[in-house]
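**Student:**
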Amino acid sequence: MGKRALQAGVVLLLVVLFSGVLLLGGGGSGQNACAAVTADTAAAETANAVEGYSGDQLVNAAAIMNAGAVLGVNAKGQTIGVMTAMGESTLRNIEYGDTAGPDSRGLFQQRDTWGTLAERMNPTKAATFFFERLMKVPNWETLSPTEAAHRVQINADPNHYTRFYAAAEKVVTALAGGGDAACASTSVGGDAQALAKGLTAKIDAGQITGLSPDHLREIRWIADGEVHPNCGIDTRILQVITITTNTFEQVGISDINRLCTGQRPGAGNASMHVINGGGHAVDFYSLDRIPVTGSDANSTKLLKILDPLMADGSGFGQSQCRASAGLTFPMQTTEFPDACNHFHVQVDGQGTQPMKLDASN
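So for the sequence shown, the working numbering puts the first residue at 729; every next one is plus one.
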């Protein structure tokens, strides 16, 4: 990347900082105060390598992030942008295409229908083109990252970008100064059937998996408008699951309503899986295909995202698992001991306390 382009990136960052757009800007689907993150473009040039990416590659990643921030794209969306450029150009602003697209150019290998050559070779403008199209993809935040990128790029393999997402998360986190790059969208609705329909699409896409006995059917029934005795799910738990699937590419769910399946492990009839009709809790057994313990990195990442959002009277399990691992941090939500082979999230069984989500919901 040339010095002139680098200077332009620095100017963009200064404009964003001066105008206050970076954290409060609108325009993205489901944005909120924690959604947009920004990168220090100048610092990126001399930053240590991240997942093998360094120098101009990190400067280009920073330009992508800041272009997203200007549009109000949240951290997950910015990560999708960086992931896509990794998969298309290894974050290098290349001046050539390939056999399938001989006119493809730049970080995102955009063809001449996207814009002029100068625009496509400008990292900020190319990223802006990408995010403008991403935000027009219906419910892009509920799609897997690779599917969201594929809807924009229309490449041959919809799973092409999957292997780049973990590295993109680390790059975005590093360039954002160590902030949580997976700050989830908390702008989720309160309509149970709509939430269940969104989750059913993720089940069908393989983003959500389950175990036996099958609790995912409980979500399907709500999506289809079917009422099955003792098989309902608290709307707030559907919101928790939605936020979780907006944060992780793959989510494994083992338990929701145990009245529906007849299970009585752990707390038995006193469990929020059971009392008052059941379905007031969810157990995650894996996040991003990694088994969870309640004290692993993915569990604590999710806990930190959910903690300020949980309804009064809610709780997280696995407190002793985190204590044994030496993990302590301020919590608004009650913690309690539970088996260290999953991560348990529950709300009060009365259904009277709302989640602390965006005021627009």
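The C-beta atom is built at its ideal place from N, Cα and C for all residues, glycine as well.
Here the structure is a predicted model, which is why all the values come from computation and not from measurement.
Tell me the DSSP secondary structure of histidine 878 in three-state form.
**Tutor:** Here histidine 878 sits in helix by DSSP.
**Student:** Near aspartate 840, what residues of its chain come up, given a Cβ to Cβ distance below 6 Å and the 5 sequence neighbours on each side ignored?
**Tutor:** The residues are Asp831.
**Student:** Leaving out five residues before and five after threonine 1062 in sequence, what residues of the same chain have Cβ atoms less than 6 Å from its Cβ?
**Tutor:** Same-chain partners within the cutoff: Gly1043.
**Student:** Could you tell me whether the Cβ of leucine 1031 comes closer than 8 Å to any Cβ of chain C?
**Tutor:** Any reference to chain C falls outside this structure, which holds one protein chain only.
**Student:** Return the bridge partner residues of isoleucine 936 from the DSSP annotation.
**Tutor:** Per DSSP, Val979.
**Student:** Out of curiosity, what's the CA-to-CA distance linking valine 739 and alanine 929?
**Tutor:** The pLDDT assigned to valine 739 is 37, lower than 50, so where the model puts this residue is not dependable; a value taken from the coordinates is nonetheless given after this. If you take the alpha carbons of valine 739 and alanine 929, they lie about 41 Å apart.
**Student:** Leaving aside the five residues before and after serine 1027 along the sequence, list all residues of the same chain whose C-beta is less than 6 Å from its C-beta, in chain order.
**Tutor:** Taken in chain order, the residues that qualify are Val1020, Phe1071.
**Student:** Our contact map puts threonine 963 next to alanine 920 with C-beta atoms below 8 Å; I'd like the distance itself, whole angstroms only.
**Tutor:** Yes, they are in contact, since the Cβ atoms of threonine 963 and alanine 920 sit about 4 Å apart, within 8 Å.
**Student:** Relative to the alpha-carbon of isoleucine 808, which residue among Ala775, Val787, Asp885, Ala895 has its alpha-carbon at the smallest distance?
**Tutor:** It is Ala895 whose Cα lies nearest to the Cα of isoleucine 808.
**Student:** Going by CA-CA distance only, name the one from Arg948, Gln1060, Gly1077, Phe859 that's closest to alanine 797.
**Tutor:** Here the closest residue by C-alpha is Phe859.
**Student:** Could you check the C-alpha separation between methionine 811 and tyrosine 889 for me, to the nearest Å?
**Tutor:** For methionine 811 and tyrosine 889, the distance between alpha carbons rounds to 7 Å.
**Student:** Please report the residue range of the beta strand (DSSP E) in which valine 1010 lies.
**Tutor:** Note, valine 1010: beta strand (DSSP E), 1009-1015.
**Student:** What is the DSSP secondary structure of proline 851, reduced to helix, strand or coil?
**Tutor:** Of the three classes helix, strand and coil, the one that applies to proline 851 here is helix, per DSSP.
**Student:** By the three-class DSSP mapping on this structure, what secondary structure does proline 830 have?
**Tutor:** Three-state result, proline 830: coil.
**Student:** By a C-beta neighbour count over all protein chains shown, 10 Å radius and 16 as the cutoff for buried, is leucine 1031 buried or exposed?
**Tutor:** When all chains shown are included, leucine 1031 counts as buried.
**Student:** Within the chosen definition, does the region 1043-1056 reach the region 976-990 through at least 3 CB pairs nearer than 8 Å?
**Tutor:** Too few Cβ pairs lie closer than 8 Å, so no.
**Student:** Just to confirm the assignment, what range does the alpha helix (DSSP H) spanning valine 899 have?
**Tutor:** Valine 899 -> alpha helix (DSSP H) spans 893-903.
**Student:** Let's test the definition: count the other Cβ atoms within 10 Å of the Cβ of leucine 845 and tell me whether it reaches 16, buried, or not, exposed.
**Tutor:** By the neighbour-count rule (16 or more Cβ atoms within 10 Å), leucine 845 is not buried but exposed.
**Student:** Give the secondary structure of glutamate 823 by DSSP, where H, G and I count as helix, E and B as strand, and everything else as coil.
**Tutor:** The answer is coil: DSSP assigns glutamate 823 none of H, G, I, E or B.
**Student:** Taking the straight line between their C-alpha atoms, what separation do you get for glycine 953 and alanine 795?
**Tutor:** Cα to Cα, glycine 953 sits roughly 41 Å from alanine 795.
**Student:** Does the beta-carbon of tyrosine 824 have 16 or more other beta-carbons within 10 angstroms, so that it is buried, or is it exposed?
**Tutor:** Under this definition tyrosine 824 is an exposed residue.
**Student:** Please name the residue, chosen from Gly990, Val916, Arg948, Gln978, that lies closest to proline 941 on a Cα-to-Cα basis.
**Tutor:** Of the listed residues, the one whose Cα sits closest to proline 941 is Gly990.
**Student:** In this structure, does DSSP put proline 1058 in helix, strand or coil?
**Tutor:** Coil.
**Student:** Note down the Cα distance separating valine 916 from glutamine 967, rounded to an integer number of angstroms.
**Tutor:** Their backbone Cα atoms lie some 7 Å apart in a straight line.
**Student:** If you follow the alpha helix (DSSP H) that valine 955 is part of, which residue opens it and which one closes it?
**Tutor:** No alpha helix (DSSP H) contains valine 955, which DSSP labels as neither H nor E.
**Student:** Look up glutamine 837 in the DSSP assignment and say whether it is helix, strand or coil.
**Tutor:** Note: glutamine 837 maps to coil in three-state DSSP.
**Student:** In terms of residue numbering, what span does the alpha helix (DSSP H) encompassing glutamine 1074 cover?
**Tutor:** Glutamine 1074 -> not in any alpha helix (DSSP H); beta strand (DSSP E) instead, spanning 1071-1074.
**Student:** Can the beta-carbon of alanine 790 be found closer than 8 Å to that of alanine 772?
**Tutor:** Against a cut-off of 8 Å, the Cβ pair of alanine 772 and alanine 790 comes out as a contact.
**Student:** Distance check for leucine 1015 and asparagine 887, CA to CA, integer angstroms please.
**Tutor:** Using only the alpha carbons, I get a separation of about 19 Å.
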